[in-house]
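Protein chains in written order, with my numbering: chain S, 1 to 139; chain L, 1 to 137.
In structure tokens:
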């Protein structure tokens with residue numbers, strides 16, 4: 001990996017936080033991506049479904065717009081096909097069982113000062129670090 | 001209609017944030033999680049920026065009775081730290097460490113039309129569906 005993207009990280013983080021704050025203020029919803037996605041599976045085609053679909057489409061459009069501006073999407077896969085499949089299953093299953101992901105627990109939950117989200121965030125970061133350690137430095 | 005328009009606009013903002021911070025690149029995320037390798041602190045800056053733009057405002061918004069669109073706020077009601085939360089977060093963390101992708105960046109990366117991303121997203125939806133089948137909440 002190249003040098004750390006400190007300023008881009010800070011600016012991007014501010015935009016993510018601004019989007020989460022405005023989603024709560026305007027729509028009254030928590031910007032937890034796993035929860036927004038899960039609601040697309042469980043809710044019928046009502047307004048409940050449409051705001052979620054609109055958010056996900058917006059997410060893709062935002063990334064596409066940035067890629068168009070910069071001419072490329074920096075995307076370096078760190079896993080092969082079967083590992084990506086397994087990882088996707090674990091991420092989907094775990095975020096539902098644990099009711100949230102990096103955005104729902106890690107950003108919005110901490111902003112709500114939720115001890116539950118703090119426990120979840122500490123757990124998934126610790127398990128992520130342990131997994132990478134085992135994959136890169138042990139096996 | 002209005003909630004869909006605002007959430008579309010905020011989805012764009014969120015997607016821009018993920019792209020500008022390069023959290024859409026699994027190499028950045030693995031770089032952060034790899035504390036024994038060449039550690040990449042970028043994710044700390046992203047969390048810091050995101051919390052700076054949420055922490056001061058959430059309590060104030062949560063005290064409001066209604067949203068700007070006049071609807072009631074929908075906040076999580078659970079407060080118990082139980083085995084389900086911790087096991088779920090642990091499983092998520094393992095998947096996150098394996099591929100360097102969490103739900104937001106995975107969905108935003110659909111913009112790249114990378115077959116690996118499409119595969120990951122489909123598997124993620126299948127995983128969610130499975131968890132919801134086993135006992136929804």
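Note that beta-carbon positions come from the ideal geometry of N, C-alpha and C, so glycine has one too.
The structure displayed is predicted, hence computed values, not measured ones.
In this structure, what does DSSP give as the bridge partners for residue i?
i	result
residue 66 of chain L	L:72
Determine the direct distance from the alpha carbon of residue j to that of residue i, and round the result to whole angstroms.
i	j	result
residue 73 of chain S	residue 109 of chain S	29 Å
residue 143 of chain S	residue 133 of chain L	No information on residue 143 of chain S is available, as it lies outside the stretch 1 to 139 that chain S covers here.
residue 24 of chain S	residue 76 of chain L	12 Å
residue 91 of chain L	residue 7 of chain L	29 Å
residue 114 of chain L	residue 3 of chain S	24 Å
residue 74 of chain L	residue 6 of chain S	34 Å
residue 136 of chain S	residue 71 of chain L	48 Å
residue 128 of chain S	residue 68 of chain S	31 Å
residue 81 of chain S	residue 101 of chain L	14 Å
Grab me the residues of residue i's own chain with a C-beta within less than 7 Å of its C-beta, minus the 5 sequence neighbours each way, in chain order.
i	result
residue 79 of chain S	87
residue 105 of chain S	117, 120 and 121
residue 137 of chain L	Low confidence applies here, because residue 137 of chain L scores a pLDDT of 48, under 50, leaving its location unreliable; read the following figure in that light. Nothing meets the Cβ criterion.
residue 38 of chain S	96
Among the residues of its own chain, which have a CB less than 8 Å from the CB of residue i, if the five just before and after it don't count?
i	result
residue 107 of chain S	16, 17, 20 and 31
Write down the C-beta distance between residue i and residue j rounded to the nearest angstrom, noting that I regard them as a contact closer than 8 Å.
i	j	result
residue 11 of chain S	residue 15 of chain L	Going by Cβ atoms, the distance from residue 11 of chain S to residue 15 of chain L rounds to 14 Å, so no, they are not a contact pair.
residue 106 of chain L	residue 124 of chain L	6 Å
residue 22 of chain S	residue 10 of chain L	5 Å
residue 79 of chain L	residue 8 of chain S	The Cβ separation is near 35 Å, so there is no contact.
residue 100 of chain S	residue 28 of chain S	No, residue 100 of chain S and residue 28 of chain S are not in contact; Cβ-Cβ is about 17 Å, not under 8 Å.
Contacting positions in the region 79–102 of chain S - beta carbon closer than 9 Å to chain L: 79, 80, 81, 83, 84, 85, 86, 87, 88, 89, 90, 91, 92, 93, 94, 95, 96, 97, 98, 99, 100, 101 and 102
Residues of the region 117–132 of chain S whose Cβ lies closer than 8 Å to any Cβ of chain L, in chain order: 119, 120, 121, 123, 124, 125, 126, 127, 128, 129, 130, 131 and 132
Within 7 Å of chain L by C-beta, residues of the region 46–63 of chain S in sequence order: 47, 50, 51, 54, 55, 56, 57, 58, 59, 60, 61, 62 and 63
Interface positions of the region 27–39 of chain S facing chain L (Cβ-Cβ less than 7 Å), listed along the chain: 27, 28, 29, 30, 31, 33, 34, 37 and 38
Residues from the region 70–94 of chain L in contact with chain S, defined by Cβ distance under 8 Å: 71, 72, 73, 74, 75, 76, 78, 79, 80, 81, 84, 85, 86, 87, 88, 89, 90, 91, 92, 93 and 94
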